[in-house]
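Worksheet: the structure to be examined is printed underneath.
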Amino acid sequence: MSFVKYSDFIQEGDVVIIHLNHNSTIPVKVQKGAQTQTRYGVIRHSTDLIGQRFGSKVTCSKGGWVHVLHPTPELWTVSLPHRTQILYTTDIATITMMLELKPGSVVCESGTGSGSLSHAILRTIAPTGHLHTVEFHQQRAEKAKEEFREHRVDHLVTVRNQDVCKDGFGVRGVADAVFLDIPSPWEAVGHAKAAMKKQGGRICSFSPCIEQVQRTCDALSDHGFDELSTLEILLRVHEVRTVSMPLPDFGPDFLNPSEPDAVKEESAPVHAAVTIKTTTPPREIPGHTGYLTFATKPRG
Amino acid sequence: MADNGEEDHEHRIKEGDHVVLKRGGIFKAVQIQPKKKLIFEKQWFFLDKAVGHLYGTAFEIASGGELQPQAAKNTENPPDTKEAGTDNRNIVDDGKSQKLTQDDIETLKEQGLKGQEIVQQLIENSSTFRDKTGYAQDKYIKKKKKKYENTVEILKPSCRILAMMYHGREPGKICHLRYDTLAQVLTLANIHAGSKVLVFETCAGLVLGSVMERMGGYGSVINMYAGVGPVRMGVESFGFPAHFHETLTDFPICNVNALLKGNLDTAAKDATAGMLCNFIILSFLVRWFQAQEKKMKLEEKRKKLAAAAALLEDRDADGLVIASRFHPCPVVLGLLKFLSPSRPFVVYSQYKEPLIECFTKLKEQGGTVNLRLTDTWTRHYQVLPNRTHPVLQMSGGGGYLLSGTTIATHTSKPAAPQQTDEPAPKRPKLENTEG
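Sequence lines, in order, name chains A and B. Going by full-length UniProt numbering, the first sequence wraps up at 300, each residue one higher than the last. Going by full-length UniProt numbering, the second sequence wraps up at 435, each residue one higher than the last.
Right under this line is the structure:
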C-alpha cells in the first residue's frame, strides 16, 4: 500500500480506510495484535485485516459489518485527523487541474496544515515529481512528516518548518507550480516567484476573505504575473430519493360520461399516489470555502 | 538552479509541435506547420516565425501575416494624470461621440497602425472620453484593446487549456463537460501514474487525453469505444511524446460480452477470401496486393485486440471513467465488472436523470460504496480596486457526476500464506454473483 500506488492485499504497517455505513470513514494503521473499536464492534487486525483483500467486507465482533478500502487522497481528506481547517476534494481537484499538475511536476506549497492537499499533490506528481511544503507550526510540520512516512510517500516530499513569508520555500528556480493557503499570501508572492522556474509556472492562492484576494491580486500584478483569474467553486450533492406524492381527489368526473349508468357505481380505484424517483439537496450545504486565485508567471 | 539547454528545449516552440493559440479568453489548438496559413479570431497569419521562441510568448501579427514577438508589455498608461469626470449624469449616449468612422479605422489598420495606437486614436477622437470617470475610462480602454489588438499568445497545450478551449468553442463535441467538472473527474477517479484505467468517452478525446496527461506515460489506459473506431482527435492536441501512445490501447465495446464470457475470439477472420474472383489478370494482381495489405491490417488489428483483451480479462483495472452521450446506466453496469475491488469510478452525464437511474441500479445490485451524485457550481470574479465583484455572466451548468468505490462482491479469500512479503498471485478473481 502507498498513497501513490495501489496494492491488492493488506499488510502490516499499511494505513487503510474503514468505510462504516452511510459514507463515514476512519483511517486505521494496521498492526499485528491490534484492535480497532467501531460502533459495529471490534475489528481485530491480525484476523480481519492482515492478508485480506482491499475492498473486503469485515464482520465486526457485534455482528455488524464494514468495508476496508485502499487509501486514496480523496478518502484521506474525509477521514484525516484535522489539525487545521482543510481543503476538500472539490477545491483540490480544481487546483490540481488549474496548476497543470502531472507526474514529474515540482510543487511548492504553504502551509502544509493537515496535509489534505499535500496528499493529493503527491499522488498526482508521483513518481518523478517533488513537493516542497512549508509549515510554520512545529508540531504540525512534524506530524505531516510522520504521516508522509507512514503513507510511503516521504521520498516525494520535503517538509520545512519555517515561515514562508520571511524565508521562502527553501528552493529557487525549480517549481512548476506554487500553492499558497496562508493568512497573508501577498507577503509570499515574491518568494513564490523566486521558487518558480525561469521558464514560468502557475501559482494559486486560496483565501477565505475577499480583502485578502484583492491584496494578493495586487501583489501578483506588481510581480509581473499574468492571466489572473479568481473563482470559487462549490459542490452540490444530489441525494437520490423515492418520493410518493398523493393525487388530489376532485370528486367523480362528470365531464366524460363514457357509461352514464356505470358512473353511479363505485368507479375503478383511482391511483392514490404517484411514486417518483428524484433528488433533493441536503438541507444545508457549504456555501463558501475560499476564493481561488490563479496566475501565470511568464517566462524570463 | 542552472538553466541547462535540455530544460529550455522543452519550453521552446518547435516545428510540428501541437500548440494552442490564445487571445483574451479565446483558444484554438493548431499544429506548427511550415508556411501554413492559419485563421484565428478573424486574422490570417503564419506560425513560422514562432519556432524557437519560448512557450508563453506573445506575438504581434504584422502585415503579411508574420509573427513578431511583442515588445515588453507597457503597463497601462497612467490615467491619474488624465482628465476624468465624476459620474455619468451629463453623458448622453447618442452614438455620436466617436468621430472616427468605420472606414477611418480601416484606413488606420491598413496603414499598419498597431492595436495600441488605434486605441489611442479612438480615445483622442471621442468627445465623451474625458467626461467619463477613471473607472469608465479603464473599462473603455480595455474594451477597445480587446477589439483592436492583434496579438496572439502561443501556449503549450495542457488539460486546463484544452478543456477551456473545447468548452468555449465546441461544447457539443464534449457533451458540454465543463472544465471544472473534468477536473473533478480526474481527481475523483484517482488518476495517477502507474495505474490501469478504463475510459469510455465520446468527448473527442479530451477526457482520454486528460487521463493520459495525469498518467504521465506510466501505467496503461484502455480506451473503450463504440462503433467502428475511436474518435480521439483531442488526444493529438495534447502533443504527447511518442512513448505515451504506447500506454494507450483501444478496445471495441462490441466485444465486451464475449470477453466477459471468456470466449472472445481474437483470431482474424479472413474477410478477403471472397474478393479474389476477378477474371482480368492485371486487376487480379492489384487485388492480390490489396488483399495482402488488408491481411496485414487485419493481423495488426488482431494483435491490438488481443493486447487489449489481455489487459482487461484479469478484471483488475484500477479506475473507470465514463463520459459519453450514451445512456450511462448500461455502460457503467457493464464496465464495472473490469475493476478490482476498492477502486474508484466516475460517470459523467450532461443530464441528471440517467445518473439517478445508475445510482438506483448500483444500490440495488451492490458491489459499490460511497455513491454520490454531484455537480459543481463555479463563479468567476473580477478583482479590481473598488470594483471587485462576481463576473456578470456565469456558466449555467457543467454536467453531473456519479462517483463511487467498488467493493468485493462476496467474502473474499485471504492471501494464501501468512508471509506478507511474498506477493500473492493475481488470482483469485472475484466471480460476479449474478449469472
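Beta carbons: idealized from backbone N, C-alpha and C, even for Gly.
Secondary structure of B/V92 (DSSP, three-state): coil.
Distance between A/V66 and B/M296, taken at the CA atoms: about 53 Å.
Secondary structure of B/M165 (DSSP, three-state): helix. Counting along the chain, B/Q116 sits inside the alpha helix (DSSP H) bounded by residues 115-124. In this structure, the CA atom of A/G115 is about 22 Å from the CA atom of A/V174. Close to B/D104, with beta-carbon spacing below 9 Å, lies no residue of chain A; the smallest spacing is near 32 Å.
Residues of the region 135-165 of chain A that bring their beta carbon within less than 9 Å of a beta carbon in chain B are absent altogether. Looking at the DSSP output, B/R379 shares a beta bridge with A/E232. Counting only runs of at least 4 residues, the region 197-245 of chain A fully encloses the following alpha helix (DSSP H) elements, listed from N- to C-terminal order: 210-222.
The Cβ-Cβ distance between B/L208 and B/N223 falls below 8 Å. B/A193 places its beta carbon less than 8 Å from that of B/M215. Taking a Cβ-Cβ threshold of 7 Å, the residues of chain A close to B/S158 are E100, in chain order. Straight across, the Cα-Cα distance linking A/D48 with B/S342 is about 16 Å.
Considering only beta carbons, the part of the region 200-217 of chain B lying closer than 9 Å to chain A consists of S210, E213, R214, M215, G216, G217, in chain order. Closest by C-alpha distance to B/V119, out of B/T181, B/G319, B/Q98, B/Y218, is B/Q98. Restricted to the region 84-131 of chain A, the alpha helix (DSSP H) segments that are unbroken, complete and at least 4 residues in length are 89-98, 116-125, listed in chain order. Of the candidates B/G64, B/C358, B/N257, the residue whose Cα lies closest to the Cα of B/Q111 is B/G64. For A/S24, the enclosing beta strand (DSSP E) starts and ends at 24-29. By the neighbour-count criterion, in which 16 or more other beta carbons inside 10 Å mark a residue as buried, B/K361 falls on the exposed side. Annotation: A/W186 is outside any beta strand (DSSP E) and is labelled neither H nor E by DSSP. Here the alpha carbons of B/G52 and B/K14 stand approximately 6 Å from one another.
With the criterion set as a beta carbon lying under 7 Å from some beta carbon of chain B, the members of the region 205-217 of chain A are I210, V213, Q214, C217, in sequence order. For A/L292, the uninterrupted beta strand (DSSP E) segment begins and ends at 291-297. As for any beta strand (DSSP E) of minimum length 3 sitting wholly inside the region 327-414 of chain B, the runs are 344-349, 368-382, 400-406, ordered along the chain.
Check the Cα spacing between B/W377 and each of B/L401, B/S340, B/L371: the tightest is with B/L401. Between the region 381-396 of chain B and the region 326-339 of chain B there are fewer than three inter-stretch CB-CB distances shorter than 8 Å, so the stretches are not counted as touching. For the pair A/K277 and B/K352, the Cα-to-Cα distance works out to about 12 Å. Its chain contains I10, Q11, E12, V30, K32 as the residues whose beta carbon lies nearer than 8 Å to that of A/I50, once the 5 sequence neighbours on both sides are disregarded; these appear in chain order. Chain B has a Cβ within less than 8 Å of the Cβ of A/M97.
In the three-state reduction of the DSSP assignment, B/Q102 falls in the helix class, which pools H, G and I. Within the same chain, and ignoring the five residues on either side of A/H238 in sequence, the residues whose Cβ sits closer than 8 Å to its Cβ are T279, T280, P281. The residue among B/T409, B/L113, B/S158 with its C-alpha nearest the C-alpha of B/E364 is B/T409. Listed along the chain, the chain A residues whose CB falls inside 7 Å of the CB of B/F359 are V240. Within the DSSP secondary-structure output, A/H67 pairs in a beta bridge with A/H19, A/K57. The beta carbon of B/S127 sits closer than 6 Å to the beta carbons of S97 from its chain, once the five residues preceding and following it are set aside; these are given in chain order. Between the region 162-181 of chain B and the region 52-66 of chain A there are fewer than three C-beta pairs closer than 8 Å, too few to call the two in contact.
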